[in-house]
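Numbering (UniProt numbering), first residue to last: 1 to 250.
In this text, a Cβ means the ideal position worked out from N, Cα and C, and glycines have one as well.
Fair warning: this is a prediction, and the values are worked out from it, not measured in the lab.
Read through the structure below, which is laid out as C-alpha coordinates, and then see the notes.
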(Lines of atoms letter the chains of each structure in order from A and count residues from 1; the text may use other names and numbers.)
(Lines give C-alpha, C1' and ligand atoms only; values in the text may rest on other atoms or scores of the structure.)
Protein backbone atom coordinates (compact mmCIF):
# COMPACT_ATOMS: atom_id res chain seq x y z
CA UNK A 1 0.00 0.00 0.00
CA UNK A 2 1.57 3.24 -1.15
CA UNK A 3 -1.52 5.47 -0.73
CA UNK A 4 -0.10 8.20 -2.97
CA UNK A 5 -2.06 11.37 -2.28
CA UNK A 6 -2.46 10.76 1.46
CA UNK A 7 -1.71 13.82 3.58
CA UNK A 8 -1.68 13.44 7.35
CA UNK A 9 0.54 13.27 10.42
CA UNK A 10 0.80 9.46 10.19
CA UNK A 11 3.07 10.03 7.17
CA UNK A 12 3.41 13.53 5.71
CA UNK A 13 5.50 12.21 2.78
CA UNK A 14 4.10 8.95 1.40
CA UNK A 15 5.75 9.58 -1.97
CA UNK A 16 9.11 9.87 -0.24
CA UNK A 17 8.51 6.58 1.56
CA UNK A 18 7.55 4.89 -1.71
CA UNK A 19 10.71 6.27 -3.33
CA UNK A 20 12.70 4.87 -0.42
CA UNK A 21 11.12 1.45 -1.00
CA UNK A 22 11.99 1.63 -4.69
CA UNK A 23 15.61 2.47 -3.82
CA UNK A 24 15.64 -0.52 -1.48
CA UNK A 25 14.40 -2.83 -4.25
CA UNK A 26 16.92 -1.41 -6.67
CA UNK A 27 19.77 -1.98 -4.19
CA UNK A 28 19.11 -5.72 -3.90
CA UNK A 29 22.00 -7.87 -5.11
CA UNK A 30 19.75 -9.38 -7.76
CA UNK A 31 17.02 -8.16 -10.14
CA UNK A 32 13.60 -9.50 -9.09
CA UNK A 33 11.68 -11.44 -11.76
CA UNK A 34 8.70 -9.26 -10.87
CA UNK A 35 7.36 -6.90 -8.22
CA UNK A 36 3.82 -7.09 -6.83
CA UNK A 37 1.77 -4.23 -5.40
CA UNK A 38 -1.22 -5.46 -3.37
CA UNK A 39 -3.40 -2.39 -3.83
CA UNK A 40 -4.17 1.05 -2.47
CA UNK A 41 -1.75 2.49 -4.96
CA UNK A 42 -3.53 5.81 -4.44
CA UNK A 43 -5.43 7.48 -1.64
CA UNK A 44 -8.33 9.00 -3.60
CA UNK A 45 -8.21 7.47 -7.11
CA UNK A 46 -7.44 10.71 -8.92
CA UNK A 47 -5.86 10.62 -12.40
CA UNK A 48 -2.87 12.58 -11.09
CA UNK A 49 -2.31 10.06 -8.28
CA UNK A 50 -2.49 7.10 -10.66
CA UNK A 51 -0.08 8.84 -13.02
CA UNK A 52 2.36 9.50 -10.18
CA UNK A 53 2.32 5.84 -9.17
CA UNK A 54 2.82 4.77 -12.78
CA UNK A 55 5.77 7.09 -13.21
CA UNK A 56 7.38 5.95 -9.96
CA UNK A 57 6.98 2.25 -10.70
CA UNK A 58 8.89 2.77 -13.94
CA UNK A 59 11.98 3.39 -11.80
CA UNK A 60 11.86 -0.12 -10.31
CA UNK A 61 14.58 -2.37 -11.70
CA UNK A 62 12.48 -5.37 -12.62
CA UNK A 63 11.01 -6.67 -15.89
CA UNK A 64 7.45 -6.66 -14.54
CA UNK A 65 5.33 -4.80 -11.98
CA UNK A 66 1.96 -6.43 -11.25
CA UNK A 67 -0.84 -4.77 -9.29
CA UNK A 68 -4.36 -5.28 -8.00
CA UNK A 69 -6.64 -2.47 -6.82
CA UNK A 70 -7.40 -1.57 -3.24
CA UNK A 71 -10.63 0.10 -2.16
CA UNK A 72 -8.85 3.48 -2.33
CA UNK A 73 -8.23 2.81 -6.03
CA UNK A 74 -11.95 2.65 -6.81
CA UNK A 75 -13.38 5.43 -4.70
CA UNK A 76 -15.90 6.83 -7.19
CA UNK A 77 -15.95 4.75 -10.37
CA UNK A 78 -15.76 1.00 -9.57
CA UNK A 79 -12.09 0.99 -10.55
CA UNK A 80 -12.39 2.40 -14.07
CA UNK A 81 -9.56 4.93 -13.67
CA UNK A 82 -7.37 2.23 -12.10
CA UNK A 83 -7.99 -0.16 -15.00
CA UNK A 84 -7.33 2.56 -17.58
CA UNK A 85 -3.78 2.82 -16.23
CA UNK A 86 -3.03 -0.61 -14.76
CA UNK A 87 -5.65 -2.90 -16.31
CA UNK A 88 -3.90 -4.02 -19.51
CA UNK A 89 -4.11 -7.79 -20.08
CA UNK A 90 -6.57 -8.27 -17.21
CA UNK A 91 -10.08 -9.72 -17.23
CA UNK A 92 -13.36 -8.50 -15.77
CA UNK A 93 -12.72 -5.95 -13.03
CA UNK A 94 -8.95 -6.45 -13.21
CA UNK A 95 -8.17 -10.05 -12.27
CA UNK A 96 -5.62 -12.18 -14.12
CA UNK A 97 -3.01 -14.92 -13.82
CA UNK A 98 0.40 -15.70 -15.26
CA UNK A 99 3.27 -18.17 -15.05
CA UNK A 100 6.74 -16.87 -14.33
CA UNK A 101 9.94 -18.35 -12.91
CA UNK A 102 8.25 -21.69 -12.23
CA UNK A 103 5.37 -20.23 -10.20
CA UNK A 104 1.70 -19.75 -11.14
CA UNK A 105 0.49 -16.36 -9.90
CA UNK A 106 -3.14 -15.21 -9.60
CA UNK A 107 -4.12 -11.59 -8.99
CA UNK A 108 -7.63 -11.19 -7.56
CA UNK A 109 -9.89 -8.17 -7.04
CA UNK A 110 -11.94 -8.22 -3.83
CA UNK A 111 -12.52 -4.50 -3.34
CA UNK A 112 -15.63 -3.99 -5.50
CA UNK A 113 -19.29 -4.74 -4.75
CA UNK A 114 -18.41 -4.88 -1.07
CA UNK A 115 -20.79 -4.72 1.83
CA UNK A 116 -18.68 -5.09 4.96
CA UNK A 117 -16.15 -7.69 3.85
CA UNK A 118 -14.15 -8.06 0.66
CA UNK A 119 -15.96 -9.80 -2.18
CA UNK A 120 -14.84 -11.74 -5.27
CA UNK A 121 -18.13 -12.56 -6.99
CA UNK A 122 -19.33 -15.39 -9.22
CA UNK A 123 -17.38 -14.43 -12.36
CA UNK A 124 -14.09 -14.30 -10.52
CA UNK A 125 -14.75 -17.53 -8.63
CA UNK A 126 -15.41 -19.24 -11.95
CA UNK A 127 -12.16 -17.77 -13.29
CA UNK A 128 -10.19 -19.26 -10.39
CA UNK A 129 -11.79 -22.67 -10.85
CA UNK A 130 -10.99 -22.81 -14.56
CA UNK A 131 -7.57 -21.18 -14.18
CA UNK A 132 -6.11 -23.88 -11.95
CA UNK A 133 -7.99 -26.90 -13.35
CA UNK A 134 -5.18 -28.06 -15.64
CA UNK A 135 -2.29 -27.33 -13.26
CA UNK A 136 -0.20 -30.13 -11.82
CA UNK A 137 -0.78 -30.59 -8.09
CA UNK A 138 2.85 -29.75 -7.34
CA UNK A 139 2.73 -26.35 -9.08
CA UNK A 140 3.59 -23.60 -6.57
CA UNK A 141 0.74 -21.07 -6.43
CA UNK A 142 0.88 -17.44 -5.33
CA UNK A 143 -2.43 -15.62 -4.95
CA UNK A 144 -2.41 -11.91 -4.22
CA UNK A 145 -5.30 -9.65 -3.35
CA UNK A 146 -5.82 -6.44 -1.43
CA UNK A 147 -8.15 -7.63 1.35
CA UNK A 148 -7.18 -10.84 3.19
CA UNK A 149 -8.61 -14.12 1.89
CA UNK A 150 -8.99 -15.31 5.48
CA UNK A 151 -11.01 -13.96 8.40
CA UNK A 152 -8.31 -11.84 10.02
CA UNK A 153 -10.72 -9.47 11.77
CA UNK A 154 -14.20 -9.34 10.19
CA UNK A 155 -15.36 -6.66 12.62
CA UNK A 156 -13.14 -4.23 10.70
CA UNK A 157 -13.87 -5.74 7.29
CA UNK A 158 -10.57 -7.65 7.28
CA UNK A 159 -11.75 -10.72 5.40
CA UNK A 160 -13.45 -11.78 2.16
CA UNK A 161 -16.98 -13.17 2.30
CA UNK A 162 -16.59 -15.73 -0.51
CA UNK A 163 -12.90 -16.58 -0.11
CA UNK A 164 -13.68 -20.10 1.13
CA UNK A 165 -15.12 -21.02 -2.26
CA UNK A 166 -12.12 -19.59 -4.09
CA UNK A 167 -9.71 -21.50 -1.87
CA UNK A 168 -11.66 -24.73 -2.33
CA UNK A 169 -10.40 -24.84 -5.92
CA UNK A 170 -6.81 -24.72 -4.62
CA UNK A 171 -7.01 -27.45 -1.99
CA UNK A 172 -5.60 -30.19 -4.24
CA UNK A 173 -2.44 -28.16 -4.85
CA UNK A 174 0.50 -28.88 -2.59
CA UNK A 175 1.67 -25.31 -1.92
CA UNK A 176 -0.46 -22.16 -2.01
CA UNK A 177 0.81 -18.79 -0.75
CA UNK A 178 -1.73 -15.96 -0.35
CA UNK A 179 -0.41 -12.42 -0.06
CA UNK A 180 -2.54 -9.42 0.90
CA UNK A 181 -2.32 -5.77 1.81
CA UNK A 182 -5.11 -3.66 3.36
CA UNK A 183 -4.21 -4.21 7.02
CA UNK A 184 -0.86 -2.33 6.96
CA UNK A 185 0.89 -4.84 9.23
CA UNK A 186 2.59 -8.22 9.25
CA UNK A 187 0.54 -11.30 10.02
CA UNK A 188 0.69 -14.93 8.94
CA UNK A 189 -1.25 -18.13 9.43
CA UNK A 190 -1.48 -21.55 7.81
CA UNK A 191 -4.62 -23.53 7.02
CA UNK A 192 -3.87 -26.89 5.44
CA UNK A 193 -1.94 -26.34 2.21
CA UNK A 194 -2.49 -22.56 2.25
CA UNK A 195 -0.26 -20.05 4.01
CA UNK A 196 -1.55 -16.50 4.35
CA UNK A 197 0.75 -13.50 4.69
CA UNK A 198 -0.44 -9.96 5.34
CA UNK A 199 2.17 -7.45 4.30
CA UNK A 200 3.19 -4.15 5.76
CA UNK A 201 3.04 -0.87 3.86
CA UNK A 202 5.11 2.04 2.62
CA UNK A 203 2.42 4.53 3.74
CA UNK A 204 1.46 4.36 7.43
CA UNK A 205 0.69 1.72 10.08
CA UNK A 206 -2.75 0.75 11.34
CA UNK A 207 -3.62 -0.55 14.82
CA UNK A 208 -3.61 -4.24 15.59
CA UNK A 209 -7.02 -5.93 15.33
CA UNK A 210 -9.34 -4.72 18.07
CA UNK A 211 -6.99 -2.05 19.40
CA UNK A 212 -9.27 0.94 19.19
CA UNK A 213 -12.70 1.50 17.67
CA UNK A 214 -11.59 1.51 14.02
CA UNK A 215 -8.52 1.01 11.82
CA UNK A 216 -7.35 4.62 11.59
CA UNK A 217 -3.81 5.67 10.58
CA UNK A 218 -1.40 5.56 13.52
CA UNK A 219 0.98 8.42 14.18
CA UNK A 220 4.17 7.03 15.70
CA UNK A 221 6.80 8.89 17.75
CA UNK A 222 9.40 10.82 15.77
CA UNK A 223 11.92 8.58 14.07
CA UNK A 224 9.81 5.43 14.44
CA UNK A 225 7.73 5.55 11.26
CA UNK A 226 10.06 3.69 8.92
CA UNK A 227 10.45 0.85 11.43
CA UNK A 228 6.75 0.14 10.78
CA UNK A 229 7.06 0.32 6.98
CA UNK A 230 8.72 -2.10 4.62
CA UNK A 231 8.83 -4.40 1.63
CA UNK A 232 8.80 -8.18 1.32
CA UNK A 233 11.09 -10.48 -0.66
CA UNK A 234 9.59 -13.76 -1.90
CA UNK A 235 11.90 -16.36 -3.41
CA UNK A 236 11.40 -19.71 -5.07
CA UNK A 237 13.94 -22.44 -5.75
CA UNK A 238 13.21 -24.70 -8.70
CA UNK A 239 12.40 -28.23 -7.58
CA UNK A 240 10.79 -27.14 -4.32
CA UNK A 241 7.18 -26.27 -3.52
CA UNK A 242 7.46 -23.89 -0.56
CA UNK A 243 8.31 -20.21 -1.04
CA UNK A 244 10.71 -18.33 1.22
CA UNK A 245 9.72 -14.90 2.53
CA UNK A 246 11.90 -12.17 4.02
CA UNK A 247 10.68 -8.89 5.50
CA UNK A 248 12.76 -5.74 4.96
CA UNK A 249 12.10 -2.53 6.88
CA UNK A 250 12.44 0.78 5.09
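- By the Cβ-count criterion, residue 122 is exposed, with fewer than 16 other Cβ atoms from all chains shown falling within 10 Å of its own Cβ.
- Put simply, the backbone Cα of residue 33 is about 15 Å away from that of residue 27.
- Taken through DSSP and simplified to helix, strand or coil, residue 26 comes out as helix.
- Between residue 69 and residue 146, the gap from beta carbon to beta carbon is short of 8 Å.
- Judged by their CB atoms, residue 43 and residue 94 are not nearer to each other than the 8 Å cut-off.
- Per the DSSP secondary-structure output, residue 180 pairs in a beta bridge with 145, 198.
- Measuring C-alpha to C-alpha distances from residue 191 to each of 63, 150, 227 identifies 150 as the nearest.
- Residue 166: member of the alpha helix (DSSP H) spanning 163-168, first to last residue.
- Between residue 181 and residue 157, the gap from beta carbon to beta carbon reaches 8 Å or more.
- Residue environment: residue 249 is assigned as exposed (fewer than 16 neighbouring CB atoms within 10 Å of its CB, all protein chains considered).
- A straight-line Cα-Cα distance of about 16 Å links residue 106 and residue 164.
- The continuous beta strand (DSSP E) containing residue 246 extends over residues 244-249.
- Here residue 155 carries a helix assignment [DSSP, helix/strand/coil].
- By the beta-carbon neighbour count (other beta carbons within 10 angstroms, threshold 16), residue 137 is exposed.
- Residue 48 and residue 225 have their C-alpha atoms spaced approximately 26 Å apart.
- Residue 173 and residue 120 do not touch by the CB rule: their CB atoms are close to 18 Å apart, not below 8 Å.
- Counting only runs of 3+ residues, the beta strand (DSSP E) found wholly inside the region 29-61 occupies 35-37, in chain order.
- Beta-bridge analysis with DSSP links residue 99 to 104.
- In this structure, the alpha-carbon of residue 161 lies about 16 Å from that of residue 126.
- Non-local C-beta neighbours of residue 236 in its own chain, meaning closer than 7 Å and more than five positions away in sequence, comprise 101, 102, 103, 140, 243, ordered along the chain.
- A straight-line Cα-Cα distance of about 8 Å links residue 14 and residue 7.
- Our two residues, residue 130 and residue 92, have alpha carbons roughly 15 Å apart in a direct line.
- Selection 22, 208, 46, 29 evaluated against residue 37 yields 22 as nearest (Cα-Cα).
- Assignment of residue 119 by DSSP, reduced to helix, strand and coil, places it in the strand class.
- Between residue 3 and residue 59, the C-beta gap is not smaller than 8 Å, which leaves the two residues out of contact.
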